[in-house]
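J.: The sequence shown begins at 1171 in this note's numbering and counts up one residue at a time. Don't be surprised by glycine CBs; every beta carbon is placed ideally from N, CA and C.
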Amino acid sequence: MKQNDVIVIGSGISGLLSALALTREGKKVVILEKDSHIGGVCRSYDVNGYRVDTGPHAITRLENGPLKELMDKYFKITPQFIPFGKYHVRIGGEVKPFPWSINAWLTFGLIPMTDRLLLMRALFNALYLANAGKDYSNITLSEVLPDKISMTTRRFLDWLCYFMVGTSIEQAPISRFVDNKTHHSRSIPYVGKIYDLFMKEGATDQGYPKGGLQSIVNSILASFPKDHVEIKTNERVLKMDCSERVEGVITSEDSYDCDAVVYSGFSSNLPDLIEGLPAAYTQNLATIRRVRSLTIWLGLTKKIFTNYGSEMWVDADPYAWIVPTTNYDPTLAPRGNQLVGFGFTLPGEYDSSTIKKKAFQTIVDNIPDIEKHIDMIHYQELIPEKASWGINCGFGDVRTPIKNLYCVGTDTTKRSAGVNRAAYSVLNLLDVIRSDGNL
Ligand SMILES: Cc1cc2nc3c(=O)[nH]c(=O)nc-3n(C[C@H](O)[C@H](O)[C@H](O)COP(=O)(O)OP(=O)(O)OC[C@H]3O[C@@H](n4cnc5c(N)ncnc54)[C@H](O)[C@@H]3O)c2cc1C
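(1) Can you tell me whether DSSP reads residue 1268 as helix, strand or coil?
(2) Just reading off the alpha helix (DSSP H) that residue 1221 is part of, what are its end residues?
(3) So, residue 1261 versus residue 1287, is the Cβ gap smaller than 7 Å?
(4) Here's the rule: buried if 16 or more other CB atoms are within 10 angstroms of the residue's CB, otherwise exposed. What is residue 1236?
(5) Could you have a look at residue 1559 and say whether DSSP puts it in helix, strand or coil?
(6) Looking at the unbroken alpha helix (DSSP H) that takes in residue 1487, where does it start and where does it end?
(7) Please confirm whether residue 1411 and residue 1418 have their CB atoms less than 7 Å apart.
(8) Taking the straight line between their C-alpha atoms, what separation do you get for residue 1404 and residue 1203?
(9) Per the contact definition of three or more C-beta pairs closer than 8 Å, is the stretch 1539 to 1558 in contact with the stretch 1208 to 1217?
(10) Taking three-plus beta-carbon pairs below 8 Å as touching, is the stretch 1425 to 1445 in contact with the stretch 1578 to 1591?
(11) For residue 1258, is the classification buried or exposed, using 16 other Cβ atoms within 10 angstroms of its Cβ as the cut-off for buried?
(12) Tell me whether residue 1430, by its Cβ, gets closer than 6 Å to a heavy atom of ligand 1.
(13) In angstroms with no decimal places, state the Cα-to-Cα distance between residue 1228 and residue 1487.
(14) With DSSP as the reference, identify every bridge partner of residue 1426, one or two as the case may be.
(15) Could you say which of 1264, 1265, 1290 lies nearest to residue 1273 if we only look at CA atoms?
(16) So, are the CB atoms of residue 1564 and residue 1458 less than 7 Å apart?
(17) Look at the alpha carbon of residue 1481 and the alpha carbon of residue 1536, and state the distance between them as a whole number of angstroms.
(18) Start and end of the alpha helix (DSSP H) containing residue 1247?
(19) Using CA coordinates, which residue listed in 1275, 1184, 1269 is at the minimum distance from residue 1241?
(20) Applying the 10 Å Cβ sphere with the 16-neighbour rule, what's the burial state of residue 1478?
(21) Check whether the Cβ atoms of residue 1472 and residue 1543 lie closer than 7 Å to each other.
(22) If residue 1509 sits next to residue 1560, beta carbons under 8 Å apart, how far is it from one beta carbon to the other, in whole angstroms?
(23) Determine the burial state of residue 1591: buried for a count of at least 16 other Cβ atoms within 10 Å of its Cβ, exposed for fewer.
(24) Which of the three DSSP states is assigned to residue 1512 in this structure?
(25) Over the uninterrupted beta strand (DSSP E) stretch that includes residue 1468, give me the two end residues.
(26) Confirm, please, whether the CB-CB distance from residue 1226 to residue 1513 is below 7 Å.
(27) If I measure Cβ to Cβ from residue 1490 and keep anything under 7 Å in the same chain, skipping five residues before and after, which residues do I get?
(28) Give a yes or no on contact between the stretch 1304 to 1322 and the stretch 1516 to 1529, applying the rule of three or more CB pairs nearer than 8 Å.
(29) Taking all protein chains shown into account, decide if residue 1179 is buried (16 or more other Cβ within 10 angstroms of its Cβ) or exposed.
(30) Should residue 1176 and residue 1192 be called a contact, given that it needs their Cβ atoms to be closer than 7 Å?
(31) If residue 1608 and residue 1428 are in contact, beta carbons under 8 Å, what's the gap, nearest whole angstrom?
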């Protein structure tokens, strides 16, 4: 038994950011990780001379988002980010930049003109009603779509829902798209959104971390104050010792006393770790729906993707997002070769080998020449978000019914997505711990 200030369960980005913030605020922290590696689904590793990430990644909101806030405050070494470039849309073999502004939308030839006009009308109507206070949290995008839009347009919107919200157009609430509270002119949200629609050319504060995702993890590890953190891998937490408050944790290897626990695994797994949680709490956790993805990494003997930026494949089945990471950092592949991540969304139920074959086939169908240039192929089945934003789907919370037990991760806050959602959860954690008088 050892007395520690805080035990952090899990060494993904949310666990690591929590541990960094807490140690830099003077706490002694032990991180317990069940796997043999650190970083969860935010790391890189080597496959036959290529450095692959855990899925294709764009790190967003680098100018004023929550990750930036944590980096400014707690990182001693910050990763270098390379501008992410444009998002391109591929439909019917044609590739065009994503239409961020109204001007670009009006000339975006991959979608029929009548659909573009009908959608603009629906969008302005939704923005106007949202500004007037209409609650869009239980209305799906498909419910407000004009009846007559083409299948191509519907698939385009469905693609956006899967990659932004983690679920289909039939499940995605409109509030996710019209109610984001991130614009700088918060006092005039409607005018701010209209300004964005007419004037902006897309987000410019997105980047790819030089050296791969691992460089974010490495920066965190290098920023820990000496002697304040201990990281133990291959140590799964099996039970938490709780009465009204958390007293410690029991792992596959040992047991630990502590003043507080920060848990960054799946919130929906908490009932397996703690006995006697309130029924209403566990019932909500049971409604959380995880997002699932497949990534196919291809090492290519030739540079096939020459556009600077990524591609959204709307015709692909399953839907795909393509990021040629060596266009940002050529050192990720053997000299002269290209490394490309093809991220696919996955339905709830699927057979792994069938979906892999189908996904690979959609790559070949879109780029017939590609097969003869493949030097390396690597598959990953991962969970990008621990909670999707679908109607009737639950979310966890940083606070729990147990005193001094807190949760972080992408199923504990609804704001933003991916790494920035994880970072928001850590900012929430710090607020909550502070308000409990524990910091
Ligand atoms: C294919 C893919 C593409 C993505 N694209 C983007 C993108 O473009 N932009 C973006 O911002 N984000 C993206 N993401 C999302 C982002 O990577 C994740 O949301 C984020 O890394 C999740 O971090 P986390 O710490 O919350 O969870 P995780 O990384 O899942 O970490 C949880 C950790 O807890 C450990 N753990 C769980 N239970 C226990 C236990 N009982 N005992 C000990 N350890 C335990 C796990 O082993 C794991 O290491 C993507 C993710 C994927 C997979």
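T.: According to the structure shown:
(1) Coil.
(2) For residue 1221, there is no enclosing alpha helix (DSSP H); the residue is part of the beta strand (DSSP E) that begins and ends at 1220 to 1223.
(3) Result no, Cβ atoms of residue 1261 and residue 1287 do not sit closer than 7 Å.
(4) Counting C-beta atoms within 10 angstroms of its own C-beta, residue 1236 has 16 or more neighbours from the protein chains shown and is therefore classed as buried.
(5) Three-state DSSP puts residue 1559 in coil, outside helix and strand.
(6) No alpha helix (DSSP H) holds residue 1487; DSSP gives it neither H nor E.
(7) Contact flag set, yes.
(8) Those two C-alpha atoms are separated by around 6 Å.
(9) Contact check between the stretch 1208 to 1217 and the stretch 1539 to 1558: three or more CB pairs, one atom from each, fall below 8 Å, which counts as touching.
(10) With a cut-off of 8 Å, the stretch 1578 to 1591 and the stretch 1425 to 1445 count as touching, because enough Cβ pairs lie within range.
(11) So residue 1258 ends up on the buried side.
(12) Checking every heavy atom of ligand 1 against the Cβ of residue 1430, none is found closer than 6 Å.
(13) The alpha-carbon atoms of residue 1228 and residue 1487 are separated by roughly 22 Å.
(14) DSSP, once it has assigned bridges, lists 1419 as partnering residue 1426.
(15) Here the closest residue by C-alpha is 1290.
(16) At a Cβ-Cβ threshold of 7 Å, residue 1564 and residue 1458 count as neighbours.
(17) Separation of residue 1481 and residue 1536 (C-alpha to C-alpha, rounded to the nearest whole angstrom) is 12 Å.
(18) Neither: residue 1247 is in no alpha helix (DSSP H) and is coded neither H nor E.
(19) Of the candidates 1275, 1184, 1269, the one whose C-alpha sits nearest the C-alpha of residue 1241 is 1184.
(20) When all chains shown are included, residue 1478 counts as exposed.
(21) A contact, by the Cβ cut-off of 7 Å.
(22) Actually they are not in contact, since the Cβ atoms of residue 1509 and residue 1560 sit about 33 Å apart, beyond 8 Å.
(23) Around the CB of residue 1591, 16 or more other CB atoms lie within 10 Å, so the residue is classed as buried.
(24) DSSP places residue 1512 in the strand class (E or B) of the three-state scheme.
(25) Counting along the chain, the beta strand (DSSP E) containing residue 1468 begins and ends at 1463 to 1470.
(26) In this structure, residue 1226 lies closer than 7 Å to residue 1513 by Cβ.
(27) For residue 1490, where only same-chain residues beyond five positions count, the Cβ hits under 7 Å are 1483, 1512, 1513, 1514, 1532.
(28) Flag = no, the stretch 1304 to 1322 and the stretch 1516 to 1529 do not touch.
(29) So residue 1179 ends up on the buried side.
(30) Yes; because the gap between Cβ atoms is below 7 Å, this pair is in contact.
(31) Contact doesn't hold; Cβ gap of about 12 Å is too wide.
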